[in-house]
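Note sheet for the following structure.
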Amino acid sequence: MKSFRGETLSWQVADGVIELVLDHAPCNEIGSATLVELERFTAALELLQKDCHAVIISSQRSEGFCAGADLRELYRRSQALPPAKRLAGVRDFVERIHGVGNTIDAAPLTTIAAVHGVTFGGGFELALLCDLIVADKMTRFCFPELRLGLIPSFGGIPRLKRDVGNGVVRDLLLTGRSINASKAQAIGLVSQVAAEGDALRVARATAAQVAKFDRDTTIAAKKFIKPIPYEELDQEVDIFCDLFTRPAVEAGLRKFVESTDALPYLP
C-alpha cells in the first residue's frame, strides 16, 4: 500500500521517499488509535522499503511534532481493567510501542524526523528512532515524565544515550527541562536546524541527497554505525511498568487526568 490516510496519521510514497505525517488533535498524542495505525505503517514498511531509500516523519499540527504518550487514555484504560490485569494491560501497550519503534529504528532506509514546536516525551522518543533529526528553530525537546513519577517508556533513554553524552541524558531526564533546536544541534542531537516552518523542506532535500549514493552501501553503513540497544530497551519497559502501578504514581496520574487546566504547550 503506497498511500494511507487514517484517523491519526497518513503516509504516501513519492520519488523513493516514504512520508509519514502525524495529524491528530491536539498535538499528536500517542494513544491506542495512533498505535494501531503506526503498527499498520510498520507492517507496510517491509514492502515499501524495497523500492525506497528514505523515510520522513513529520507533523501536520501547528502545535508541534508530538506531545508524547496519551497518558490520560492509558490511565483510564488501565483503571477500567481489574486490578490484577492492570499491569499486563500497560505492559502490552508499551511493548507494542517498542515493537513499532524497533522496526523503524532497524529499517534499512535512511529515516529523517522533520520536527517543529513541541517535541516532548513520546514525541521526542519518536524522533530519536530516526537516523537524522531536522528541527525548525522553534522546536523544543523535553522529557517531562519524572514530573508524574514515571520515566520515558517508548525507548527514549537507551536511544538518547546512544546518540549523546551521559551528562546531557541525565540533565534532560532528571530535571525535566526543555532545550531548543540550537542547543540540540550543539550537543549532537539535531543534524540540521531549519528556519521556522522549513524543516520538512530541508528533510526532503536531505532525502534527495541520500538518493545519490549506492543503496546497499548506505544500508551497510547504517547498520554499522547505529546499533540498537535491545537489552536496555527491555529494561526500560520493566522499570516503567513497575513505576506505573505504584500508588503514588497512580495518584499523580489521577490528578493529571482530572485536571482541566490548559496543557502547557497549547496557545
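Counting from 1 along the sequence shown, just add 2 to a position and that's the residue number in the working numbering. By construction, the Cβ of each residue, glycine as well, lies at the ideal position given by its N, Cα and C atoms.
Quick one: what does DSSP say residue i is sitting in, helix, strand or coil?
| i | result |
| --- | --- |
| residue 256 | helix |
| residue 30 | coil |
| residue 111 | coil |
| residue 261 | coil |
| residue 142 | strand |
| residue 134 | strand |
| residue 230 | coil |
| residue 22 | strand |
| residue 215 | coil |
| residue 171 | helix |
| residue 82 | coil |
| residue 156 | coil |
Thinking C-alpha only, which one of the options is nearest residue i?
| i | options | result |
| --- | --- | --- |
| residue 189 | 85, 213, 57, 174 | 174 |
| residue 34 | 239, 75, 151 | 75 |
| residue 70 | 181, 21, 96, 127 | 127 |
Between which two residues does the beta strand (DSSP E) carrying residue i extend?
| i | result |
| --- | --- |
| residue 181 | 180-182 |
| residue 6 | 5-7 |
| residue 191 | Careful: residue 191 lies outside any beta strand (DSSP E) and carries neither H nor E. |
| residue 16 | 11-16 |
| residue 61 | 56-61 |
Along the chain, where does the alpha helix (DSSP H) containing residue i start, and where does it finish?
| i | result |
| --- | --- |
| residue 71 | From DSSP, residue 71 is part of no alpha helix (DSSP H); its letter is neither H nor E. |
If you count every other CB in all the chains shown that lies within 10 Å of the CB of residue i, and 16 or more means buried, which is it?
| i | result |
| --- | --- |
| residue 11 | buried |
| residue 179 | exposed |
| residue 215 | exposed |
| residue 113 | buried |
Quiz item: Can you find at least 3 beta carbon pairs, one from the segment 163-173 and one from the segment 114-121, that sit closer than 8 angstroms?
Solution: Using a C-beta cut-off of 8 angstroms, the segment 163-173 makes no contact with the segment 114-121, since fewer than three inter-stretch Cβ pairs fall below that distance.
Quiz item: Any chance the segment 24-33 sits against the segment 66-83, with 3 or more Cβ pairs inside 8 angstroms?
Solution: The segment 24-33 vs the segment 66-83: in contact.
Exercise. Check whether the segment 95-109 touches the segment 33-48, counting contact only when three or more Cβ pairs, one atom from each stretch, lie closer than 8 angstroms.
Key: Counting C-beta pairs closer than 8 angstroms gives three or more between the segment 95-109 and the segment 33-48, which meets the contact rule.
Self-check item: Three CB pairs or more closer than 8 angstroms across the segment 18-25 and the segment 55-63
Solution: Yes, the segment 18-25 is in contact with the segment 55-63.
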